[in-house]
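Enquirer: Going by our numbering, the sequence shown opens with residue 305, and the numbers climb by one from there.
Glycine included, every Cβ here is placed at the ideal spot set by N, Cα and C.
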Amino acid sequence: MLKPIFMSIIMGACATSVAAGVTVKSPDGKLAVSTEVNDGHPCYTITFNGKEVIGKSPLGFRSNVADFSSMMSIADTLRGSIDKHYTQDKIKHSDIAYKANTLAVTLQNRQGNEMTVEWQVSDNNVALRYAIPRQGDTGAMIVHEEMTGYRLPENSTVFMTSQSDPMIGWKRTKPSYEEIYHIDAPLGTSSDYGHGFTFPALFHTPEGMWLLLTETDVDGYYCGSHISDFHDGIYSIAYPMEGENNGNGSAAPGISLPATTPWRTITVADNLAPIVETTIPWDLVEPRYETSREAAPGRGTWSWILWQDGSINFDDQKTYIDFAAEMGYENVLVDNWWDTYIGKDGIERLAQYAASKGVNLIIWYSSSGHWNDIEQGPVNKMDRPIVRKKEMKWLHDIGVKAIKVDFFGGDKQETMRLYEDILSDAADYCIDVVFHGCTLPRGWERMYPNFVGAEAVLASENLIFGQYHCDIEATSATLHPFIRNAAAIMEYGGSFLNRRLNRGNDGGTIRRTGDGFELATAILFQNPVQNFALAPNNLTDAPAEAIEFMKSVPTTWDETRYIDGYPGKYAVIARRHGDTWYIAGVNALEKPLTVTLPDFIKPDAKIYFDKSTKELATRKAGKNRKITIPTNCGFTAISRQ
Ligand code: CA
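(1) At a cut-off of 7 Å, is residue 740 close to ligand 1 when judged by its beta-carbon and the heavy atoms of the ligand?
(2) Excluding sequence positions up to five away, which residues of its chain have a Cβ less than 6 Å from the Cβ of residue 834?
(3) Assess contact between the region 711-729 and the region 512-530, defined as three or more Cβ pairs (one per stretch) separated by less than 8 Å. Is contact present?
(4) Is it right to say residue 708 is buried, meaning 16 or more other beta carbons lie within 10 angstroms of its own, or is it exposed?
(5) Going by CA-CA distance only, name the one from 871, 868, 825 that's closest to residue 850.
(6) Is it buried or exposed, residue 638, if we count other Cβ atoms within 10 angstroms and call 16 or more buried?
(7) Would you call residue 384 buried or exposed, if buried means 16 or more other Cβ atoms sit within 10 Å of its Cβ?
(8) In chain order, what residues of the same chain have a beta carbon less than 6 Å from the beta carbon of residue 865, not counting five sequence neighbours either side?
(9) Considering only residues of the region 654-719, which uninterrupted alpha helix (DSSP H) runs meet the minimum length of 4 residues and lie entirely inside it, listed in chain order?
(10) Using the three-state DSSP reduction, which class does residue 595 fall into: helix, strand or coil?
(11) Along the chain, where does the alpha helix (DSSP H) that runs through residue 623 open and close?
(12) Quick check: the region 544-561 against the region 464-472, are there 3 or more CB pairs under 8 Å?
(13) Could you give the DSSP three-state label for residue 585: helix, strand or coil?
(14) Please report how far the alpha carbon of residue 745 lies from the alpha carbon of residue 930, in whole angstroms.
(15) Can you tell me whether residue 763 sits near ligand 2, meaning its C-beta is under 7 Å from at least one heavy atom of the ligand?
(16) In three-state DSSP terms, what is residue 580?
(17) Along the chain, where does the beta strand (DSSP E) that runs through residue 734 open and close?
(18) Considering only C-alpha positions, which residue in the set 630, 891, 848 is nearest to residue 779?
(19) Between the region 391-410 and the region 418-428, do at least 3 Cβ pairs fall closer than 8 Å?
(20) DSSP has residue 261 in a bridge; who is on the other side?
(21) I'd like to know whether the C-beta atoms of residue 571 and residue 515 end up nearer to each other than 8 Å.
(22) If you count every other CB in all the chains shown that lies within 10 Å of the CB of residue 310, and 16 or more means buried, which is it?
(23) Is it true that the CB of residue 673 sits closer than 8 Å to the CB of residue 713?
(24) Would residue 366 pass as a contact of residue 448 if the rule is Cβ separation under 8 Å?
(25) Counting Cβ pairs, one atom from each stretch, are 3 or more of them under 8 Å apart for the region 363-379 and the region 335-346?
(26) For residue 375, does the three-state DSSP call read helix, strand or coil?
(27) Cβ atoms of residue 464 and residue 499: under 8 Å apart, would you say?
(28) What are the partner residues of residue 937, as DSSP defines its beta bridges?
(29) May I ask which residues mark the beginning and end of the alpha helix (DSSP H) holding residue 520?
(30) Quick one: which unbroken beta strand (DSSP E) runs of 3-plus residues sit fully inside the region 518-582? Chain order, please.
(31) Residue 809 and residue 841 look like a contact to me (Cβ under 8 Å); what is the Cβ gap, rounded to whole Å?
(32) For the pair the region 548-567 and the region 530-539, tell me if three or more CB-CB distances fall below 8 Å.
(33) In terms of DSSP beta bridges, what is residue 880 paired with?
(34) Mind checking residue 655: buried by the 16 CB within 10 Å criterion, or exposed?
(35) For residue 782, which beta-bridge partners are listed by DSSP?
(36) Counting along the chain, where does the alpha helix (DSSP H) carrying residue 424 start and finish?
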């Protein structure tokens, strides 16, 4: 027995191939996952069209009950398949078929501790989780560390954003998935804070393959995970930092056996279409409850984005209700400090006024809490069930149908439980929920029927806060359809038509983009509830055709297609609403870009496009299928079928 143990020390886990693994392939046969045990260490390999895209990488975890990553052997395997169909009106497709082949590999150690690696492999997607039965009399487990790793091909490049330090930033509210991206950076690029990177993460291999890593099916019974820094050629699953949530709650998840871990997914393709179009975060989950009222997608205005805290008063909110009504929008978002500057009586009167105009209010809350220093009210309403339910009853009684809850404490299981508690209570009072200052939603669009949005991105507010974000606005916009917004809905709160980002349109930061670019982002950035960064002055100072476009733009989609693009450079995406296609493109290159409209665009399609960052124009598509987009500019073609 000495020799194999010695070898495992010098080689490390999963370094060499010892035996052929047990393999499961996608229905189209292109994607294959092999599981094997290498000197007692469970490992896996992924190939696409016979080429390795994830080299031999570790599986397993260590818990307070046993080590499930070493001294293991395969005890059993079970094959199956899944063929299901579901509908959704909140994500990039409305009618979804999911076909996958499954393989469960049960592993056992010499003491009889057992766990099963569960695989689902669909065309272009691999999903992996662990199923853990009771361990004899032991029914409670702490998972200390996960070995699950990803060995990307050498010389791949990465598109990743760092996990921040805990308890930094505005009122010590981070991490909140609001960091800059490393774009097309070398494999192994160090994270900004030394804590690795957040999901989702995109990789491009030297052979032209694309891989998108994320996770789904995370609820109050596990933590949110992220990706470690690069060690020995591997990125590994990492759990939250002890310091998150001001140190409250454990970093290691605690589970009740039998249990399954969240699904970790890898979307694999030789082009970007399967990355943009994937539905894997929702294919793997089921709704956790039913609601008596359907979630209400819609458009809204919000004064806070341009008029800031000073606009949280009765008169300015009334102005924005009138503005929403003028635009034909469904919602007005009343942001932070309303408890101090408007009061509950004022909100009740505003709700009545809004109702008289056919507009709903979305009301802001802080999640806090004993995990940050937030003063903006209301505070301490959403973190405790008795007060929360009383608040929600009041909201329901005055006709409020949605809330925005901000400033969460990170990715610990305790925080995941708070997200779920808020969603569950809100569902009981027929209230939809948007999260800001939050984690990445992980399958929540389908798991929680009244979940309608999450920030988890450097969103529109940063364009107000700093010129740097305006200067890189186009570059950032070309990333999201391929990364953040490919994995989950994204409440960005954008589409500015002000040239200067302040209340008077005469000061503050300077927008670098064309109006056509801003219109295009209303299509590129997908969320069923969109609060647009328009202002009442735009009715008279913005191009009339831009306002016409923004009045008619939908927020729900039946289909999404990748047309063209490269993350960090340019993006052209098509989305279909009913019988109408919207093809939107933006260009962050330093030179004009010419793209070809797809065949399904009719000659009578209307195209809104930037002649320059200063001039919006429109034309019919006609016979000319080419469209040229200047730097920092964009276009949208609207084509009825
Ligand atoms: Ca934010």
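Expert: In brief:
(1) yes
(2) 603, 859
(3) yes
(4) buried
(5) Residue 850 has its Cα closest to that of 825, out of 871, 868, 825.
(6) In this structure residue 638 is buried. Its beta-carbon is surrounded by 16 or more other beta-carbon atoms within 10 angstroms.
(7) When all chains shown are included, residue 384 counts as exposed.
(8) Short of 6 Å from the beta carbon of residue 865, and not among the five residues preceding or following it, lie these beta carbons of its own chain, in chain order: 878.
(9) 689-701
(10) coil
(11) 618-631
(12) In short, these stretches touch, since the Cβ pair count reaches three.
(13) helix
(14) 37 Å
(15) Ligands in the displayed structure: ligand 1; ligand 2 is not one of them.
(16) helix
(17) Per DSSP, residue 734 belongs to no beta strand (DSSP E) and is neither H nor E.
(18) 891
(19) yes
(20) Beyond the ends of the chain as shown, which are 305 and 945, falls residue 261; an answer cannot be given.
(21) Yes; because the gap between Cβ atoms is below 8 Å, this pair is in contact.
(22) Per-residue confidence for residue 310 stands at a pLDDT of 36, beneath the threshold of 50, marking its modelled position as unreliable; no derived number is given.
(23) yes
(24) Yes, the pair counts as a contact, with Cβ atoms nearer than the cut-off.
(25) yes
(26) coil
(27) no
(28) 891
(29) First-last for residue 520: 514-520, but that is the beta strand (DSSP E), not the alpha helix (DSSP H).
(30) Correct list: 539-542, 558-560, 567-573.
(31) With a Cβ gap of about 6 Å, residue 809 and residue 841 count as contacting.
(32) no
(33) 863, 885
(34) buried
(35) Partner(s): none; residue 782 has no beta bridge.
(36) Here residue 424 belongs to no alpha helix (DSSP H); instead the beta strand (DSSP E) covers 418-426.
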